[in-house]
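Data block below; observations after.
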Amino acid sequence: MRPGTASEVASGAAAPEAASEVDVVVIGAGQAGLSAAYHLRRTGLAPDRDFVVLDHAPRPGGAWQFRWPSLTYGKVHGMHALPGMELTDADPARPSSEVIGAYFAAYEDRFDLRVRRPVEVHKVREGDAGRLLVETSAGSWSTRALINATGTWDRPFWPRYPGQETFRGRQLHTAVYPGPEAFAGRRVIVVGGGASGTQHLMEIAPYAAETTWVTRRPPVFREGPFTEDWGRSAVAMVEERVRQGLPPRSVVSVTGLPVNDAIRQARASGVLDRLPMFDRITPTGVEWDDGRRVDADVILWATGFRAAIDHLAPLRLREPGGGIRMEGTRAAADPRVHLVGYGPSASTIGANRAGRAAVRDIHRLLAQAPVTA
27 MRPGTASEVA
37 SGAAAPEAAS
47 EVDVVVIGAG
57 QAGLSAAYHL
67 RRTGLAPDRD
77 FVVLDHAPRP
87 GGAWQFRWPS
97 LTYGKVHGMH
107 ALPGMELTDA
117 DPARPSSEVI
127 GAYFAAYEDR
137 FDLRVRRPVE
147 VHKVREGDAG
157 RLLVETSAGS
167 WSTRALINAT
177 GTWDRPFWPR
187 YPGQETFRGR
197 QLHTAVYPGP
207 EAFAGRRVIV
217 VGGGASGTQH
227 LMEIAPYAAE
237 TTWVTRRPPV
247 FREGPFTEDW
257 GRSAVAMVEE
267 RVRQGLPPRS
277 VVSVTGLPVN
287 DAIRQARASG
297 VLDRLPMFDR
307 ITPTGVEWDD
317 GRRVDADVIL
327 WATGFRAAID
337 HLAPLRLREP
347 GGGIRMEGTR
357 AAADPRVHLV
367 GYGPSASTIG
377 ANRAGRAAVR
387 DIHRLLAQAP
397 VTA
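So the sequence shown is residues 27 to 399, counted in this note's numbering.
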C-alpha cells in the first residue's frame, strides 16, 4: 500500500486499500466458472489463498437462476453435468432454475469453492509487475491470470427498427419472459428463430388471442439425432469466427432446431408458420414494405444475448471485427486472459471442456517465474 499524500492526510481521506494477491481470479460462477474452479483445485490450488471465484449473482445457479418458471427441467435441452458430480434424480416437472440452482449450490459446497457473491466486477486493467488488477465492489485483486466466465445473460440484445419507440403496446425481451399466462387474450409477435423463441411461441399460443412468428432467416429444423460428429462440426464453425476476431455466433445458430413431438405438432397446427422480418414498427403493430401489416399488443424479442465482457475493455482485447481473437480459450492479445463459455464453449459440455483447457494452460503460465518489479 502506498502512503497517503500530504493532501490526503490533511483532509482525513484514507489511502486506498492494497489489492489482495492471488494467482488466478475467476469471474463468474456459472457452468464454465465452476468447471474452471474445480480444475484449479485439482491442480493443487486453494480457494482464497491461490485463487478466488467472484460472482455477481445473489445465489448459486449462474444464469439458470433467472430463467422463466415455465422452463421446467424436463424442457431443458442438453444440460451436461459439471465435472466430478452428476446431477441425479431431478424432477422433470420442477423449474430448471430451482433444479440447477440447487445442483450448483451443492457442487460449490462439495468442492469447497468458496464463491464470493454478490460481487460486481467493474473493470480489469494492467496492474504492477506483469499482473492484472481486478477492481470490484468488494475490493481489488492482483492476479497473474484471469478466467473470464461471465457468459451472456447480462447483455440481452435488442435490435433497432424504425418506429420502435412509437409502439403503444408492450415490448419485452426473453430475459424477462414472465410465462405464458401473462399474454392471455393478447395479440403477440415473437421475434427470433432460436430455441427460446420457439419455446415461448408454443407456450404462448394456447393463451394468446393471436400469435405471429417473425425471424430474420428461415428457421432450420433438424430431424434425427444430434451426433457427436455434427456437434464438433458446429463448434468448429463458431470457433473459426473467434479465431478471426469476429463476435461469436451461438452454437444453436449453426446446429438448427432439434425436432421433437411438440415442434411437429406446432408446425402442423400453424403456430410455427414463420414470416420474414418486418421493416418497421408502428404504434399498433408492424409493417412490411410489400404492404403487409400485423396488429399487436405485445412484441416479445427472443433475439439472444451478447458476451458480457465490457469490464475487460481496459485491456484492449477486441479486434477491428468487434470480437476477441482467441487461441483455444486464451485471448490472443494477452496470454494471461482466458475466456470460457465464450463462442464455441458457450454450451454446458463446451464450458466444461473450456474450463479444463484454460486451467491446463494457466498451470503452465504459473510454472514460469513471475515478473518482478
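All C-beta atoms in this analysis are idealised placements derived from N, C-alpha and C, irrespective of residue type, glycine included.
Per DSSP, reduced to three states, the secondary structure at Gly-165 is strand. Closest in alpha carbon position to His-65, among Gly-177, Asp-387 and Pro-188, is Asp-387. Sixteen is the threshold: since fewer than 16 other Cβ atoms of the shown chains lie within 10 Å of the Cβ of Pro-84, the residue is exposed. Under DSSP, Asp-321 forms a beta bridge with Gly-311. DSSP places Thr-329 outside any beta strand (DSSP E), giving it a letter other than H or E.
Pairing Ile-230 with Arg-242, the inter-Cα distance amounts to about 21 Å.
The region 319-327 makes contact with the region 214-229: 3 or more CB pairs, one atom from each, lie closer than 8 Å. Just measuring C-alpha positions, the residue of Ile-307, Val-48 and Ser-96 sitting nearest Asp-74 is Val-48. For Leu-60 and Ser-122, the gap between their C-alpha atoms comes out near 18 Å. Using a Cβ distance threshold of 8 Å, Arg-120 and Thr-98 count as a contacting pair.
Within a 10 Å sphere around the beta-carbon of Gln-291 sit fewer than 16 other beta-carbons, which makes this residue exposed. Between Trp-314 and Arg-300, the alpha-carbon positions lie close to 14 Å from each other. A residue is called buried when at least 16 other Cβ atoms come within 10 angstroms of its Cβ; Thr-192 does not meet this threshold and is exposed. In the structure shown, Phe-193 falls within a coil segment according to DSSP collapsed to helix, strand and coil.
Just so you know, the alpha carbons of Arg-362 and Val-297 end up roughly 48 Å apart. Counting other Cβ atoms within 10 Å of its Cβ, Thr-237 reaches 16 or more and is therefore classed as buried.
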